[in-house]
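Colleague:
In the numbering used here, the protein residues as written are 2 to 381.
1) To the nearest angstrom, how far is it from the Cα of residue 352 to the Cα of residue 221?
2) With H, G and I counted as helix, E and B as strand and the rest as coil, what does DSSP make of residue 91?
3) Helix, strand or coil: how does DSSP classify residue 288 here?
4) DSSP three-state label for residue 36, please.
5) Please list the segments of the alpha helix (DSSP H) lying wholly inside the segment 283 to 330, counting only runs of 4 or more residues, in order along the chain.
6) Can you name, in chain order, every residue of its own chain whose Cβ lies under 7 angstroms from the Cβ of residue 225, other than the five neighbours on each side?
7) Locate the alpha helix (DSSP H) running through residue 341, then write down its first and last residues.
8) According to the neighbour-count rule (16 or more other Cβ atoms, all chains shown, within 10 Å of its Cβ), is residue 168 buried or exposed?
9) Cα separation between residue 273 and residue 134?
10) Does the Cβ of residue 33 have 16 or more other Cβ atoms within 10 Å, making it buried, or fewer, making it exposed?
11) Tell me where the alpha helix (DSSP H) around residue 129 begins and ends.
12) DSSP on residue 264, reduced to helix/strand/coil?
13) What is the residue span of the alpha helix (DSSP H) that residue 121 lies within?
14) Roughly how many angstroms separate the alpha carbons of residue 47 and residue 341, rounded to a whole number?
15) The alpha helix (DSSP H) spanning residue 229 covers which residue range?
16) Counting Cβ pairs closer than 8 angstroms, one from the segment 157 to 165 and one from the segment 313 to 332, do we hit at least three?
17) Short of 7 angstroms in beta carbon distance, which residues of its chain neighbour residue 246, apart from the five on each side in sequence? Order them along the chain.
18) Between the beta-carbon of residue 104 and the beta-carbon of residue 335, is there less than 9 angstroms?
19) Can you list, in chain order, the residues of its chain whose CB lies under 8 angstroms from that of residue 99, leaving out five sequence neighbours each side?
20) Helix, strand or coil: which one does DSSP assign to residue 107?
21) Among 268, 243, 78 and 195, which residue has its Cα nearest to the Cα of residue 208?
22) Is the separation between the beta-carbon of residue 13 and that of residue 172 shorter than 9 angstroms?
23) Secondary structure at residue 195, three-state DSSP: helix, strand or coil?
24) Helix, strand or coil for residue 160, going by three-state DSSP, please let me know.
25) Using the C-alpha atoms, what's the distance from residue 332 back to residue 123?
26) Rounded to whole angstroms, what is the Cα-Cα separation between residue 431 and residue 270?
27) State buried or exposed for residue 374, treating a residue as buried only when at least 16 other CB atoms are found within 10 Å of its CB.
28) Based on Cα-Cα distance, which residue from 152, 107, 358 and 67 lies nearest to residue 285?
29) Would residue 45 be called buried (16 or more neighbouring beta carbons within 10 Å of its own) or exposed?
30) Starting from the C-beta of residue 6, find all residues in its chain whose C-beta is less than 8 angstroms away, skip the five residues before and the five after it, and write them out in chain order.
31) Taking the Cβ atom as the reference point for each residue, do residue 260 and residue 308 lie within a distance shorter than 9 angstroms?
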């Protein structure tokens, strides 16, 4: 039963996280069809992140009234509707509006999934459970660009969105049938203000934001970099994006066994440091084989941060705090790491170059490792 439940959560997390990966391979298509700039293309991630942030901030209020299972089902339903609407969007303003509601639909998932998973698995198994769970977003980074590259050779992107929405509907129905009931928790919102006044919360949020920016900003802008600055076709660029995620899928699965042995804090530090260094390497790579190699390494180093981070949150908080802590960290990191950072890289592409923007991002991510000094002090 535990494995079945983990599989259901994996499927929903895969489709949920695809909201943040499904638009990126289409950005060159949107630029060409709609005649928009790099900045406007990058701003779609900002609208998505704004909706996601609002949804995360409301997660505690919604869960207190309908329970975790219905909150997750509501999240999937709103995302499904947004996918159908995206298929019929034919202007920048309509795609931006749909992006916002896609974010609104997906933000309820993680704050409800984390406490549910930690209640099902024993603490000594959290590292492995979260590692398996976090292969879902890693697999979206790998599979969505490859599926898009294959599909666009023969069909229109709108048909892909329709098929993808159908698969998401099947996963949602399976979750509603097999997942255990989760009653509302009326007192769940108490103590939130006190939690957000903790210094540890804000330091951890900054660290998580740096990791999110390294993942989402680079992934969002990568197709534009490959197509506009390196001269690749859209299909080739999407294939490169998918191949570059292979290292992340393997590393995310293996990290669960390492974090239970070596501890979450030291693993988080090395993950973020190597992420920053490899992000700088992306900007400085002049030859394609070297660029592809560094992209594979950067994806691996950056994606292992998040399963370790969820273990860290679970160990830093009490069960009744986890939903709010996860939602608060996610809200801040998504709006800045997943929204502002891609927008800034898009503007850098218009005013300067994508490579220079990525270089500055890599330096900032590397510098954020200094935050582990006060964070370790607070852990003692």
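Beta carbons: idealized from backbone N, C-alpha and C, even for Gly.
Modeller: The short version:
1) Here residue 352 refers to the residue found at position 351 of the chain shown. Here residue 221 refers to the residue found at position 220 of the chain shown. Using only the alpha carbons, I get a separation of about 18 angstroms.
2) Residue numbering aside, residue 91 sits at position 90 when the chain shown is read from its first letter. Here residue 91 sits in coil by DSSP.
3) For the purposes of this step, residue 288 is identified with residue 287 of the chain shown, where counting begins at 1. Three-state DSSP puts residue 288 in coil, outside helix and strand.
4) Locating residue 36 in the chain shown gives position 35, where the first residue counts as 1. In the structure shown, residue 36 sits in coil (DSSP, three-state: anything other than H, G, I, E or B).
5) 289 to 304 and 306 to 317
6) Within the chain shown, residue 225 is the residue found at index 224, counting from 1. If we look at residue 225 and ignore the five residues flanking it on each side, its Cβ neighbours are 28, 29, 39, 42, 350 and 355.
7) The residue labelled residue 341 in the question sits at position 340 within the chain shown. Neither: residue 341 is in no alpha helix (DSSP H) and is coded neither H nor E.
8) Looking up residue 168 in the chain shown gives position 167. It is exposed - the Cβ of residue 168 has fewer than 16 other Cβ atoms within 10 Å.
9) As a position in the chain shown, residue 273 is number 272, starting the count at 1. As a position in the chain shown, residue 134 is number 133, starting the count at 1. Rounded to whole angstroms, residue 273 to residue 134 spans 20 angstroms at the Cα level.
10) The sequence position of residue 33 within the chain shown is 32, counting from 1. Flag for residue 33 reads exposed.
11) Here residue 129 refers to the residue found at position 128 of the chain shown. That run of the alpha helix (DSSP H) goes 127 to 134.
12) Locating residue 264 in the chain shown gives position 263, where the first residue counts as 1. Looking at residue 264 - three-state DSSP - the assignment turns out to be coil, as it is neither helix nor strand.
13) As a working mapping, residue 121 is identified with position 120 in the chain shown. Here the alpha helix (DSSP H) through residue 121 covers 110 to 121.
14) As a working mapping, residue 47 is identified with position 46 in the chain shown. As a working mapping, residue 341 is identified with position 340 in the chain shown. Rounded to the nearest angstrom, the two C-alpha atoms are 6 angstroms apart.
15) Counted from its first residue, the chain shown places residue 229 at position 228. Here residue 229 belongs to no alpha helix (DSSP H), and DSSP marks it neither H nor E.
16) no
17) What you label residue 246 is simply residue 245 of the chain shown in a count that begins at 1. So the qualifying residues of the chain are 139, 142, 143 and 300.
18) One-based indexing of the chain shown puts residue 104 at position 103. One-based indexing of the chain shown puts residue 335 at position 334. Cβ distance < 9 angstroms, so residue 104 and residue 335 count as in contact.
19) Residue 99 sits at position 98 when you count from the first residue of the chain shown. The answer, listed in chain order, is 83, 86, 87 and 90.
20) Looking up residue 107 in the chain shown gives position 106. Residue state, collapsed to three classes: helix.
21) As a position in the chain shown, residue 208 is number 207, starting the count at 1. The shortest Cα separation from residue 208 among 268, 243, 78 and 195 belongs to 268.
22) The residue you call residue 13 lines up with position 12 of the chain shown. The residue you call residue 172 lines up with position 171 of the chain shown. Their beta carbons are under 9 angstroms apart, which means residue 13 touches residue 172 by this criterion.
23) Taking the first residue of the chain shown as position 1, residue 195 is located at position 194. Helix at residue 195.
24) One-based indexing of the chain shown puts residue 160 at position 159. Note: residue 160 maps to helix in three-state DSSP.
25) Residue numbering aside, residue 123 sits at position 122 when the chain shown is read from its first letter. Residue numbering aside, residue 332 sits at position 331 when the chain shown is read from its first letter. Rounded to whole angstroms, residue 123 to residue 332 spans 27 angstroms at the Cα level.
26) This structure cannot settle anything about residue 431, because the visible part of the chain is limited to 2 through 381.
27) Taking the chain shown and counting its residues from 1, one reaches residue 374 at position 373. It counts as exposed.
28) As a working note, residue 285 is residue 284 in the chain shown. Ranking the options by Cα distance to residue 285, first place goes to 358.
29) The residue labelled residue 45 in the question sits at position 44 within the chain shown. Residue 45 should be labelled buried.
30) Here residue 6 is taken as the residue at index 5 of the chain shown, counted from 1. Closer than 8 angstroms at the Cβ level, and outside the excluded window around residue 6, lie 121, 179, 180 and 181.
31) Along the chain shown, one-based indexing puts residue 260 at 259. Along the chain shown, one-based indexing puts residue 308 at 307. Yes; because the gap between Cβ atoms is below 9 angstroms, this pair is in contact.
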